[in-house]
Structure formats: C-alpha cells, structure tokens
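Undergrad: Going down the list, the protein sequences come from chains A and B.
Using full-length UniProt numbering, read the first sequence as starting at 1 and increasing by one per residue.
Using full-length UniProt numbering, read the second sequence as starting at 1 and increasing by one per residue.
Glycine included, each C-beta is placed from N, C-alpha and C at the ideal position.
Note that the structure is predicted; figures quoted are calculated from it, not measured.
Number of protein chains: 2
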Amino acid sequence: MATIEDVAKLTGLSRTTVSRVINNHPYVSEEKRKLVLEAMEKLGYVPNSSARSLRNQKTSILALFIPRITNPFFSELVEATEIAAAEYGYQLIICQTRYSPEKELNYMNLLKTKQVDGVILASIQNEWKKLKPFLQYGPIVLCNEFDDRANVPTVRLDQVYGGYIATKHLLEQGHTKIAYCSGGYRSNVAKSREIGFKKALAEYKVSFHEQYAFRDAFHIADGKRVFQKMMALSERPTAVFTGSDEVAAGIISEALRCGYRIPEHLAVVGFDNQAITELTNPTITTVHQPVKQMAQKAVDIIVEKIQTKRYDVQEIYEFPLQLIVRASTVGSELHKSEA
Amino acid sequence: MATIEDVAKLTGLSRTTVSRVINNHPYVSEEKRKLVLEAMEKLGYVPNSSARSLRNQKTSILALFIPRITNPFFSELVEATEIAAAEYGYQLIICQTRYSPEKELNYMNLLKTKQVDGVILASIQNEWKKLKPFLQYGPIVLCNEFDDRANVPTVRLDQVYGGYIATKHLLEQGHTKIAYCSGGYRSNVAKSREIGFKKALAEYKVSFHEQYAFRDAFHIADGKRVFQKMMALSERPTAVFTGSDEVAAGIISEALRCGYRIPEHLAVVGFDNQAITELTNPTITTVHQPVKQMAQKAVDIIVEKIQTKRYDVQEIYEFPLQLIVRASTVGSELHKSEA
DNA sequence: TATGGATATGAAAACGATTTCATTCGTTTC
DNA sequence: GAAACGAATGAAATCGTTTTCATATCCATA
Numbered sequence: 001m002a003t004i005e006d007v008a009k010l011t012g013l014s015r016t017t018v019s020r021v022i023n024n025h026p027y028v029s030e031e032k033r034k035l036v037l038e039a040m041e042k043l044g045y046v047p048n049s050s051a052r053s054l055r056n057q058k059t060s061i062l063a064l065f066i067p068r069i070t071n072p073f074f075s076e077l078v079e080a081t082e083i084a085a086a087e088y089g090y091q092l093i094i095c096q097t098r099y100s101p102e103k104e105l106n107y108m109n110l111l112k113t114k115q116v117d118g119v120i121l122a123s124i125q126n127e128w129k130k131l132k133p134f135l136q137y138g139p140i141v142l143c144n145e146f147d148d149r150a151n152v153p154t155v156r157l158d159q160v161y162g163g164y165i166a167t168k169h170l171l172e173q174g175h176t177k178i179a180y181c182s183g184g185y186r187s188n189v190a191k192s193r194e195i196g197f198k199k200a201l202a203e204y205k206v207s208f209h210e211q212y213a214f215r216d217a218f219h220i221a222d223g224k225r226v227f228q229k230m231m232a233l234s235e236r237p238t239a240v241f242t243g244s245d246e247v248a249a250g251i252i253s254e255a256l257r258c259g260y261r262i263p264e265h266l267a268v269v270g271f272d273n274q275a276i277t278e279l280t281n282p283t284i285t286t287v288h289q290p291v292k293q294m295a296q297k298a299v300d301i302i303v304e305k306i307q308t309k310r311y312d313v314q315e316i317y318e319f320p321l322q323l324i325v326r327a328s329t330v331g332s333e334l335h336k337s338e339a
Numbered sequence: 001m002a003t004i005e006d007v008a009k010l011t012g013l014s015r016t017t018v019s020r021v022i023n024n025h026p027y028v029s030e031e032k033r034k035l036v037l038e039a040m041e042k043l044g045y046v047p048n049s050s051a052r053s054l055r056n057q058k059t060s061i062l063a064l065f066i067p068r069i070t071n072p073f074f075s076e077l078v079e080a081t082e083i084a085a086a087e088y089g090y091q092l093i094i095c096q097t098r099y100s101p102e103k104e105l106n107y108m109n110l111l112k113t114k115q116v117d118g119v120i121l122a123s124i125q126n127e128w129k130k131l132k133p134f135l136q137y138g139p140i141v142l143c144n145e146f147d148d149r150a151n152v153p154t155v156r157l158d159q160v161y162g163g164y165i166a167t168k169h170l171l172e173q174g175h176t177k178i179a180y181c182s183g184g185y186r187s188n189v190a191k192s193r194e195i196g197f198k199k200a201l202a203e204y205k206v207s208f209h210e211q212y213a214f215r216d217a218f219h220i221a222d223g224k225r226v227f228q229k230m231m232a233l234s235e236r237p238t239a240v241f242t243g244s245d246e247v248a249a250g251i252i253s254e255a256l257r258c259g260y261r262i263p264e265h266l267a268v269v270g271f272d273n274q275a276i277t278e279l280t281n282p283t284i285t286t287v288h289q290p291v292k293q294m295a296q297k298a299v300d301i302i303v304e305k306i307q308t309k310r311y312d313v314q315e316i317y318e319f320p321l322q323l324i325v326r327a328s329t330v331g332s333e334l335h336k337s338e339a
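1) Once you ignore the five residues that flank A8(B) on each side, which residues in its own chain have a CB closer than 7 Å to its CB?
2) Shortest alpha-carbon distance to A275(A) belongs to which of S244(A), V299(A), I301(A), I302(A)?
3) To test your reading of the DSSP string, which unbroken alpha helix (DSSP H) runs of 4 or more residues are found completely within the region 125-178 of chain A?
4) Output needed for G331(B): all residues of its chain with C-beta closer than 7 Å, excluding positions within five of it in sequence on either side, in chain order.
5) Is the Cβ-Cβ distance between L131(B) and I94(A) less than 8 Å?
6) Using a Cβ-Cβ cut-off of less than 9 Å, give me the residues of the region 34-50 of chain B that come near chain A, in sequence order.
7) According to the neighbour-count rule (16 or more other Cβ atoms, all chains shown, within 10 Å of its Cβ), is H209(B) buried or exposed?
8) Between which two residues does the beta strand (DSSP E) containing residue 419(B) stretch?
9) Please report the distance separating the alpha-carbon of E104(B) from that of R98(B).
10) Measuring straight from C-alpha to C-alpha, what distance separates K224(A) and N71(A)?
11) Apply the 10 Å Cβ neighbour rule to F227(B) and answer buried if 16 or more other Cβ atoms are within range, or exposed otherwise.
12) Listing by chain order, which chain A residues have their CB less than 9 Å from the CB of I93(B)?
13) Using the Cβ count rule (16 or more neighbours within 10 Å means buried), how would you classify S53(B)?
14) Would you call the region 113-126 of chain A and the region 51-70 of chain A in contact, with 3 or more CB pairs under 8 Å?
15) Taking DSSP as the reference, what is the three-state secondary structure of Q322(B)?
16) Could you check the C-alpha separation between V247(A) and G118(B) for me, to the nearest Å?
17) For a minimum of 4 consecutive residues, which ranges assigned as the alpha helix (DSSP H) are wholly contained in the region 243-287 of chain B?
18) Between T286(A) and T277(A), is the Cβ-Cβ spacing less than 8 Å?
19) Could you name the residues of chain A that L256(B) contacts, counting a contact when the two beta carbons are closer than 8 Å?
20) Taking the alpha-carbon of Q96(B) as reference, which of E203(A), N126(A), F146(A), E79(A) has the nearest alpha-carbon?
21) Quick one: which chain B residues come within Cβ less than 8 Å of S228(A)?
22) Taking Cβ-Cβ distances below 7 Å as the criterion, which residues of the region 154-184 of chain A are in contact with chain B?
23) Any idea if V313(A) is buried or exposed, counting beta-carbon neighbours within 10 angstroms, 16 or more meaning buried?
24) Step through the CB atoms of chain A and report whether any lies within less than 8 Å of the CB of Q115(B).
25) Do V155(A) and I284(A) count as a contact pair if the criterion is CB distance below 8 Å?
26) Could you tell me which chain A residues have their CB closer than 9 Å to the CB of K112(B), listed as they occur along the chain?
27) Could you name the residues of the region 64-81 of chain A whose beta carbon sits closer than 8 Å to any beta carbon of chain B, in the order they occur along the chain?
28) Does chain A have any CB closer than 8 Å to the CB of A122(B)?
29) Counting only Cβ pairs nearer than 7 Å, list the residues of chain A close to A275(B).
30) Please report the straight-line C-alpha distance between V160(B) and S50(A), rounded to a whole angstrom.
31) Going along chain B in order, which residues have a C-beta closer than 7 Å to the C-beta of L54(A)?
32) Could you list which residues in chain B have their beta carbon closer than 8 Å to that of A327(A), in chain order?
33) For G223(B), does the three-state DSSP call read helix, strand or coil?
34) Closer than 7 Å by beta-carbon distance: list the chain A residues that pair up with A249(B), in chain order.
35) Throw me the rounded Cβ distance for the L142(B) and V291(B) pair, which I believe falls under 8 Å.
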C-alpha cells in the first residue's frame, strides 16, 4: 500500500509538498504539481482515511439512530439522510436500537470514541439526562423524535397537528366512536399525536374512552390483532386513527377478511403516506410527512454544528403535515385532498 | 478530551501500561490495573477510534452496497447484516448505489482509502473487471447478487430454482400463457430466475413469446403499468411471474381496480415473501428467500477474509428457496404450502 | 551461586497523514 | 540598494494509539 512517503520519494519532493497537492493548497508550482499527480497515479496512491481522521480530528461519518430499518418510514428517512449526507461528503452509519435503551447507549459510544462526527437521533429510547453527557463529545441532533428537555437542535414535524387533522376529518364524517391506535408509550411523537387526537375530540365535544386506546401497534400483524380486539368490545368504534399505514392496512385486511366493509363499518386513517396506501382496496386516508425535507434539514444542521462546535443550543425547526384523503374514510364519494 | 497520555500522567505510569490495561494484556499487576481503571473513569477517558484504526490498520467498519434501502428486500438484508456485523463488533456503512455504476465505483473508494475493512456487494452495477482492481485493498464478498467471473466468496440463493418452482407451480395449475416480469437487465439474479422460468416452460413444452416479457418492473407503480400493458395484448396471458412482491401487488391492485378477478382472470406469483403478501386480497403466492441466513453467512465470510487476508478465492455458498402458495394462484381451493 | 524464565514496567518507534515554522529565492517598493 | 513581501519548498512536530525492545525484579532450578 503506497503512502505519502512513497510518493514523496518517487518525486524527490517532501511529504509536505505532496500533501499540498492532495489538499489543493496554493503555493505549489505547476511543474511539481504535475509530477506529484503522475506519481500518485503510477503508485495507485490514495490518502489513508484513518491517518487523516486522526490528524484532522474528524471522520466524515455520521451516525443515524433508528429503531428498525424494516419500518418503511425509517427506510425512507435513511434513504433521504444518506443522500443529504453524501452531498457534504459524509458517510452514514446505521444504528438500529431495536427499541432497546441499552443498545442505544452502547451506540452512543461511537460519538465518545470519535468514530463519528455527530449523531442524528430519529428515535430516543433513554431519558434525555442519560444522553446529555455525550454532548461533550460531539453534536447530537434530534430528527423526527424529540424531547422538550433536550437542549439540542431539533428537526421535527407538527405531530399534534397531524393527530388533530386526521381526527377532525373523522369527526367531520360524523363519527363519534373513534378508536386510537399508536406505536409505543415512550415516543413523544406518539404522545403528541394523541394530544392532537384528543384536542379534536374536545372541539367536537366527543368524549374519549380508554378502552378505545391501543398503544402497542407497530406492524401489520398488530393491526389485525387490534381489529379483533375492537370488534370484541361491547360498543364497537366506527372509526379508528392509527399511527402508521402498516397498522391501518392490517386493520383493513383483517376487517375485509371477516366480512366487514371499509369505510362503511369502520373508517380507518393511517399515517406516513406509504406506498401501501394506494395498494389496498379501499385506498388508505393518511397523513403525509415531508421526510426528505426533514432529513435534509437535519443533515444541514449537524454539519453546521460540527463546524461551529456549539452543540448545546435548542433550536426547533418544524415542518407541516398534510392530510391525504382516500377511500378508507370517505366511501364512494369523490376523493378530495386538503391541506 | 482526555488521551491515554492524561491517564498515564494521572496514575504516574507509562502509556504502555495504560494501553495494556485497555487491551487486557497480561503482565499488569492488579494494583496498577485498578489505578488505571480508576483514572480512566475519573477522566472519562475512552480510546480514540481514529488513532486505533491507524495503528491497528483496521477500522471495524464494513460497507454494504445496495441499490435502494426503500426496497423492502434490501431493508431486510440491511437489518440482518447490521445485526450480524454488530456481533463481531463491526459497524455498517450503507452505500446506496441507486443503480448507478458511477456511484458504485465512487463508494468503492471507501475500501481503497481504508475507511472500511471490507465490502459486501448485494448489488453490482459495474462489470466485474472494473471492480476487481479494488480487491488489492481489501476483501469483497458478493451477497445475493453474483457474477461467475468474480473470483471472490459469494453467498447467494438458487435463483434458477426459484424461477423454476414458481413457474412450475403456475404450469401445474394449467396455465400456458405465462408472462414474465423482472427488475433489471443487468442483474444476474433476474437472469437466473428467467433461466429457471424458461426451464419450467420447456419441461411442460410451453413456448415463450417475447411480448410476454417485462424486464423493467421494480415498484408497485411498475406493476400497475405492466398490468395495463398485458391487458392491451391481443392474446392476454392468464398468469404472470414477477420478480418482487411489490410488483405482484401492483398488478393485483390494478387488476382488481379494473374489475378483473385474481386468480381467475390472472394468476400472480410474487417473490421475496414480504409482509404485503398477507395483506392483499387475495394473498400472494410467493418465493421465500432466507435473507437472514444469507446475511449472517456473508458477514461470517468477510470477517474471516479480513483476518486471513486472502481475498481472491471463489467460494460459493448457496441457500435454497421455498415456494409459498397463497390465494393469488390457487383460487378458492385450500391453500397449501410446499417445499 | 549462577542461570534462566516468568512477571512487570517504560522509552521510543511506528502507523500515515497535516501543519507549523523556517528558509530560500525573486520581485517590488521607497 | 536595502527593506519588504510573495511564492515555493522542506524539516520536524503533531494527532493518539499500539508494539517492539530493553530493563529490572523475583523465584525456581541445576
């Protein structure tokens, strides 16, 4: 493996000059520059990343924390983040916490050991006070997930509004027995949506019963399970708000299999605007999240923080959500889309 | 940021001894070991990864090349690979080539610059002779995708067999007008499936017409498009083999929307056994791929190659595929599952 | 009582880059 | 014609580890 020393020797110049050529520093004569470039080509030389990282105190790698990559929402987030990071010359290390606080804490050592220049948290499994100490080692940016106590830049979506518009839509269709379905108790995203959900109910003077709440639904299978539970209730809901399109699709699938009709017997709202929403029959009313913009902003911010080295500033960037009305809530009426 | 030097100073020992404690070398007295551990704790010391990488000539990072993470098959592959890599203490860098040969070549520089210890290619966009020169910098392992000319370890699935069993299943149902639908011309995975497809046809003395071939279908939308194309043919196929469940789902969705019935008017076979196969109505007959086993094996192999430093050996590890029969091919009969 | 082997420790070199500082040579400028 | 400055180059320090080599002590064995 050729090193900068080899290039220097071959050209009869010093390491310094070779380094200058590599880094496009001024004050290198055209003659020597050519000489160096030729030698580099001839030796197949390429600078060693570890040596550069050590000397420059920067790895050009970012860590992105997500619960699971197989969740389509997070796939989309990873795709967008990787593309945005690449524009800045950063690589992305994927950290799947699988909802485990220990795994999350463990991955945090990537920052401590300087294996990454910064961490984007799209999922939080620990209390903030456990995460906070890592701030001394590098920037942390919250993306999608958030925590009011976290004194770091946060890029998020207005989840309260998301829960609100989806629920309001169901109320406008005349529903009063509306079930609530979300993924996880810990997530502030889910909590915010629930606030929006209840806000809409309150506006319409509709009361909420705790037996209509299902807070452990993540996947298609969970949706199927939840549907069965709802149908086992003495007073069945006529509509359901869900925290993901997969869960919504599971509910719809199970309902159809059992001979129910959507939305006549049960109106269903999803979340995320994934591809499956256009696949099922009926198609799924959902809430669109501007994932690309959010990812781009998170990367912009973290790159800036890496440069300025001020990590403990709470700046909040919020993007709006949008209701997409499809067939799972409005029957055979003409489908309309509203902001 | 505390360094090993700081720990040495605080304890009054040398860097060497501190390093020995960190690396669990023998020949450190219990007394000094405790002293060092206390000092490390007190200073919040943690070894710097870049320095270690430089000195040890190893980064403990692997690169995984995939076309797009939003493709559920690759999400699953990434999840499994990340978990397997973590067991060995490796981090995973995700490289999305987005089907671009240039991007792929560009990401290959991660190996050349020693930013990663090895590369797992689950997607190949360039001819092997373009990739081959990178072998001098570190190990490359093929996983899922493959190339006969590639003199490297290859972990793959028997795609010829996969195409064969899926097609044979359709032939057994009495179909003779069977369309073929795949993603990409370049991929050897797709080519192999086509070989298996044609092999089955030949066994049943059924001829294949090129107008039944659609080789550019990746997503749900492509499936919808392909369905329309098939229906525009003068002689419509009665069954279709597809290279992914998303495409199959797209075809089914569009067919139902247009008033056709599945499988009566069109039998559909998918590939990958994704979650959506149990979601659609009818559920989708598909081919299950043992992704986890494949990913685990690929990681095992690359870790071994990193240690032994012998990269240019063609070893092939092949895993079997399995047909999962569901409703999209067998009508209202009882669903059965066969190996 | 030498001799040799285990145990314990440290000084210094090495990994491969970048940067600081010094030096030299021209060219202006007053 | 001296001073000042810009351009071009290199020697050596530096980043933070690990490892090699040397040294010292202790204990058992011949």
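TA: To lay it out plainly:
1) Translated into the one-based positions of the second sequence, residue 8(B) becomes position 8. Answer for A8(B): S14, R15, V18, listed in chain order.
2) Here the question's residue 275(A) lines up with position 275 in the first sequence. The alpha carbon of A275(A) has as its nearest neighbour, out of S244(A), V299(A), I301(A), I302(A), the alpha carbon of S244(A).
3) DSSP assignment within the region 125-178 of chain A yields the following whole alpha helix (DSSP H) runs of 4 residues or more, N-terminal first: 128-131, 159-172.
4) As a working mapping, residue 331(B) is identified with position 331 in the second sequence. If the five residues before and after G331(B) are omitted, its C-beta is found closer than 7 Å to the C-beta atoms of P263, E264, all from its own chain and listed in chain order.
5) Within the second sequence, residue 131(B) is the residue found at index 131, counting from 1. Within the first sequence, residue 94(A) is the residue found at index 94, counting from 1. Taking 8 Å as the Cβ cut-off, L131(B) and I94(A) do not qualify as a contacting pair.
6) The region 34-50 of chain B vs chain A, Cβ under 9 Å: G44, V46, P47, N48, S49, S50.
7) To locate residue 209(B), count along the second sequence from 1; it is residue 209. It is exposed - the Cβ of H209(B) has fewer than 16 other Cβ atoms within 10 Å.
8) One cannot answer for residue 419(B) here, as it falls past the ends of chain B, which runs 1 to 339.
9) Taking the second sequence and counting its residues from 1, the one referred to as residue 104(B) is at position 104. Taking the second sequence and counting its residues from 1, the one referred to as residue 98(B) is at position 98. Approximately 9 Å between the Cα atoms of the pair.
10) Mapped onto the first sequence, residue 224(A) falls at position 224. Mapped onto the first sequence, residue 71(A) falls at position 71. Cα to Cα, the separation comes out at about 17 Å.
11) On the second sequence, residue 227(B) is found 227 positions in, with the first residue counted as 1. So F227(B) ends up on the buried side.
12) Numbered from 1 along the second sequence, position 93 holds the residue referred to as residue 93(B). Within 9 Å of the CB of I93(B), the CB atoms of chain A belong to I61, Q91, L92, I93, I94, in sequence order along the chain.
13) In the second sequence, counting from the first residue as 1, residue 53(B) sits at position 53. Answer is buried; the Cβ neighbour count reaches 16.
14) Verdict: yes, contact present.
15) Against the second sequence, residue 322(B) aligns to sequence position 322. Three-state result, Q322(B): strand.
16) Start at 1 with the first residue of the first sequence, and residue 247(A) comes out as number 247. Start at 1 with the first residue of the second sequence, and residue 118(B) comes out as number 118. Spanning the two alpha carbons is a distance of roughly 38 Å.
17) Restricted to the region 243-287 of chain B, the alpha helix (DSSP H) segments that are unbroken, complete and at least 4 residues in length are 245-257, listed in chain order.
18) In the first sequence, residue 286(A) corresponds to position 286, counting from 1. In the first sequence, residue 277(A) corresponds to position 277, counting from 1. T277(A) is positioned such that its CB atom lies closer than 8 Å to that of T286(A).
19) What you label residue 256(B) is simply residue 256 of the second sequence in a count that begins at 1. N281, listed in chain order.
20) As a first step, residue 96(B) must be located in the second sequence, where it is residue number 96. If we check each option's Cα against that of Q96(B), E79(A) comes out closest.
21) Position 228 of the first sequence, counting from 1, holds the residue named residue 228(A). Here residue 228(A) is Gln; the residue named in the question, Ser, does not match the sequence. In chain order: nothing, as chain B lies at least about 15 Å away.
22) Interface annotation for the region 154-184 of chain A against chain B: empty, criterion Cβ-Cβ distance under 7 Å.
23) Stepping through the first sequence from its first residue, residue 313(A) is reached at position 313. With fewer than 16 other Cβ atoms within 10 Å, it is exposed.
24) Along the second sequence, read from residue 1 onward, the residue named residue 115(B) stands at position 115. Chain A contact via Cβ: present.
25) Residue numbering aside, residue 284(A) sits at position 284 when the first sequence is read from its first letter. Residue numbering aside, residue 155(A) sits at position 155 when the first sequence is read from its first letter. Not a contact, by the Cβ cut-off of 8 Å.
26) For this step, residue 112(B) is matched to residue 112 along the second sequence. Here the neighbours are G44, V46.
27) Cβ contacts with chain B: R68, I69, T70, P72, S75, E76, V78, E79.
28) The residue labelled residue 122(B) in the question sits at position 122 within the second sequence. By this cut-off, A122(B) is not an interface position.
29) The count along the second sequence starts at 1 and reaches residue 275(B) at position 275. Going along chain A in sequence order, the residues near A275(B) (Cβ under 7 Å) are I220.
30) Taking the second sequence and counting its residues from 1, the one referred to as residue 160(B) is at position 160. Taking the first sequence and counting its residues from 1, the one referred to as residue 50(A) is at position 50. Pairing V160(B) with S50(A), the inter-Cα distance amounts to about 42 Å.
31) To locate residue 54(A), count along the first sequence from 1; it is residue 54. Listed along chain B are S50, A51, L54, each with a C-beta nearer than 7 Å to that of L54(A).
32) Locating residue 327(A) in the first sequence gives position 327, counting from the first residue. Ordered by position in chain B, no residue passes the 8 Å Cβ test against A327(A), which lies about 11 Å from the chain.
33) Your numbering for residue 223(B) matches position 223 in the second sequence. Correct three-state label for G223(B): helix.
34) Taking the first residue of the second sequence as position 1, residue 249(B) is located at position 249. L279, listed in chain order.
35) Here residue 142(B) is taken as the residue at index 142 of the second sequence, counted from 1. Here residue 291(B) is taken as the residue at index 291 of the second sequence, counted from 1. The pair is not a contact, with the Cβ atoms about 15 Å apart (cut-off 8 Å).
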